[in-house]
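**Q** Quick one: structure below, then a few questions.
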């Protein structure tokens with residue numbers, strides 16, 4: 017989640033709130049479950065309910081992408097699934113790299129949730145790739161000197177950044193120089209990047225702090 | 017990040033946007049660095065810059081909590097740090113439990129970032145606590161039958177949920193029944209909870225999808 021920017025203008029597209037895009041991901045998961053259960057149409061009320069949003073919100077989110085659904089009949093599950101999948105760019109497996117193979121990096125490398133959703137971590141990089149680690153991973157673990165080659169040869173655009181805070185900005189600059197335009201950042205600091213680069217931040221301690229604030233008596 | 021709710025009303029407090037609370041976490045980290053460098057005052061422009069926000073935003077966020085700073089002199093670093101730390105409830109170490117010790121759960125248990133920020137994972141729970149795991153952890157790994165005792169004896173309010181999607185709602189209901197009011201959810205589904213329970217969702221595949229949308233050419 018980017019904690020700072022409410023939305024982002026994409027070249028040649030209308031300005032769509034980031035939260036709409038997050039909700040598209042939720043709708044996609046709900047539609048996938050309907051498909052698995054051989055359900056072919058769904059009303060906006062029913063889809064909104066399983067997604068945990070209001071049906072007005074669902075309809076508003078979808079209007080950014082065209083006309084969907086038939087009054088009284090609802091949405092075609094397959095059609096809506098394809099549209100959202102197209103929009104999110106997750107129809108074909110996208111190559112992703114991971115930089116920084118410590119505890120968290122190792123865990124993400126063995127996390128099987130990404131491929132199911134259309135992302136493949138094709139390689140991991142670390143300043144010390146040969147250091148003994150607690151766990152074997154299936155991806156190649158390479159040194160930083162091979163970063164450029166892999167990014168360019170495989171046309172990688174997205175990177176998961178799990179390095180420590182002091183080196184995060186420098187590594188980010190390197191990634192951007194080699195062609196990375198999307199970064200999922202786990203380092204607890206604000207990365208400074210050019211306008212055409214997108215950073216989503218995941219800061220686990222901040223999520224706990226946020227909860228902590230709201231549950232105080 | 018809760019992808020659905022823009023803000024939440026807390027009993028006896030003004031309605032404060034969630035994003036303001038996330039930004040407080042960022043300001044706190046920036047102020048901690050200033051303290052480390054023995055810097056005693058900071059202008060709103062300088063603090064806003066390191067936090068990656070506009071100074072108008074910073075000033076607006078702080079007005080929810082009272083009057084801070086002196087025109088021309090800026091903020092007292094220590095005073096502002098204490099205020100934010102008080103608000104976030106992270107001054108004393110808060111006990112947290114983790115439920116679901118698979119790959120991701122194991123990784124979070126060995127992640128050292130939480131304690132530094134005021135959270136201590138005091139125990140982990142799993143339906144199969146004795147299963148052989150890739151890695152040793154320092155926290156006690158207990159069965160679900162001990163959940164109630166630990167939550168009640170230690171007064172735990174927050175839980176990290178790293179179970180798989182099919183069991184997530186049921187485990188959530190159990191946690192709430194035993195007194196948990198804040199859940200950091202990593203399971204890829206929308207949890208249904210009573211109004212007085214707060215859920216923050218971290219869905220790593222959704223973060224990649226969100227990036228993927230915005231970096232398409």
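Protein chains in written order, with our numbering: chain R, 17 to 233; chain C, 17 to 233.
The beta carbon of each residue, even a glycine, is placed where N, CA and C say it ideally should be.
1) Using a 10 Å radius around the Cβ and a threshold of 16 neighbouring Cβ atoms, would you call residue 173/R buried or exposed?
2) Looking at the strands, I want to know which residues DSSP matches up with residue 298/R.
3) Taking the alpha carbon of residue 112/R as the point to measure from, which residue in 124/R, 86/R and 40/R has its own alpha carbon closest?
4) CB-CB under 6 Å to residue 199/C, same chain, minus the five flanking residues each way: which ones, in chain order?
5) Assess contact between the stretch 202-214 of chain R and the stretch 137-151 of chain R, defined as three or more Cβ pairs (one per stretch) separated by less than 8 Å. Is contact present?
6) Quick check on residue 162/C: buried or exposed, where buried means 16 or more other Cβ atoms within 10 Å of its Cβ?
7) For residue 128/R and residue 120/C, I'd like the C-alpha separation in whole angstroms.
8) Could you check the C-alpha separation between residue 208/R and residue 61/C for me, to the nearest Å?
9) Name the chain R residues that come within less than 9 Å of residue 225/C, Cβ to Cβ?
10) Are the CB atoms of residue 104/R and residue 228/C nearer to each other than 8 Å?
11) In chain order, what residues of the same chain lie with their CB nearer than 7 Å to the CB of residue 181/R, ignoring the 5 residues before and after it?
12) Name the DSSP bridge partner or partners of residue 213/R?
13) Is residue 55/R helix, strand or coil by DSSP?
14) Closer than 8 Å between beta carbons: that is the criterion. Which residues of the stretch 150-171 of chain C meet it against chain R?
15) Can you name the residues of chain D whose CB is closer than 8 Å to the CB of residue 197/C?
16) Could you give the distance in angstroms between the alpha-carbon of residue 108/C and the alpha-carbon of residue 145/R?
17) Would you mind working out which of 63/R, 78/R, 155/R and 84/R sits nearest residue 131/R, comparing C-alpha positions?
18) Please classify residue 188/R: does DSSP put it in a helix, a strand, or coil?
19) Since residue 226/C and residue 32/R are thought to touch, with beta carbons under 8 Å apart, how far apart are those beta carbons, to the nearest angstrom?
20) Do residue 98/C and residue 135/C have their beta-carbon atoms positioned less than 8 Å apart in this structure?
21) Counting C-beta neighbours from all protein chains within 10 Å, is the total for residue 100/R 16 or more, i.e. buried, or is it exposed?
22) According to DSSP, residue 86/C sits in a beta bridge with which residue or residues?
23) Output, in chain order, the set of chain C residues within a Cβ distance shorter than 7 Å of residue 126/R.
24) Could you pull out every residue in the same chain whose Cβ sits closer than 8 Å to the Cβ of residue 48/C, ignoring the five residues on either side in sequence?
**A** Concretely, from the data shown:
1) The count along the first chain starts at 1 and reaches residue 173/R at position 157. With 16 or more Cβ atoms within 10 Å of its Cβ, residue 173/R is classed as buried.
2) Beyond the ends of chain R as shown, which are 17 and 233, falls residue 298/R; an answer cannot be given.
3) Residue 112/R sits at position 96 when you count from the first residue of the first chain. Among 124/R, 86/R and 40/R, the Cα nearest to that of residue 112/R is on 124/R.
4) On the second chain, position 183 is the one that residue 199/C refers to. Only 175, 177 and 215 meet the Cβ criterion.
5) no
6) The residue given as residue 162/C occupies position 146 in the second chain. It is exposed - the Cβ of residue 162/C has fewer than 16 other Cβ atoms within 10 Å.
7) Translated into the one-based positions of the first chain, residue 128/R becomes position 112. Translated into the one-based positions of the second chain, residue 120/C becomes position 104. So the two alpha carbons sit approximately 10 Å from each other.
8) As a position in the first chain, residue 208/R is number 192, starting the count at 1. As a position in the second chain, residue 61/C is number 45, starting the count at 1. Taking the straight line joining both Cα atoms gives about 16 Å.
9) On the second chain, position 209 is the one that residue 225/C refers to. Chain R residues near residue 225/C: 37, 38, 40, 41, 44, 104, 105, 106, 133, 134 and 135.
10) Mapped onto the first chain, residue 104/R falls at position 88. Mapped onto the second chain, residue 228/C falls at position 212. Taking 8 Å as the Cβ cut-off, residue 104/R and residue 228/C qualify as a contacting pair.
11) Taking the first residue of the first chain as position 1, residue 181/R is located at position 165. The residues are 203, 204 and 205.
12) Position 197 of the first chain holds residue 213/R. In DSSP, residue 213/R forms no bridge with anything.
13) Indexing the first chain from 1 puts residue 55/R at position 39. DSSP places residue 55/R in coil when its eight states are reduced to three.
14) 150 and 151
15) No chain D appears in this structure, whose protein chains are R and C.
16) Translated into positions along the second chain, residue 108/C becomes position 92. Translated into positions along the first chain, residue 145/R becomes position 129. Roughly 38 Å separates the two Cα atoms.
17) Within the first chain, numbered from 1, the residue matching residue 131/R stands at position 115. Comparing Cα-Cα distances from residue 131/R to each of 63/R, 78/R, 155/R and 84/R, the minimum goes to 155/R.
18) For the purposes of this step, residue 188/R is taken as the residue at position 172 of the first chain. Residue state, collapsed to three classes: helix.
19) Mapped onto the second chain, residue 226/C falls at position 210. Mapped onto the first chain, residue 32/R falls at position 16. That pair is no contact at about 11 Å.
20) Taking the first residue of the second chain as 1, we reach residue 135/C at position 119. Taking the first residue of the second chain as 1, we reach residue 98/C at position 82. Not a contact, by the Cβ cut-off of 8 Å.
21) Start at 1 with the first residue of the first chain, and residue 100/R comes out as number 84. Looking at its Cβ environment, which holds 16 or more other Cβ atoms inside 10 Å, residue 100/R is buried.
22) Along the second chain, read from residue 1 onward, the residue named residue 86/C stands at position 70. BP columns for residue 86/C point to 90/C.
23) Counting from one through the first chain, the residue named residue 126/R turns up at place 110. Here the neighbours are 119.
24) Translated into positions along the second chain, residue 48/C becomes position 32. Cβ neighbours of residue 48/C beyond the five flanking positions: 97.
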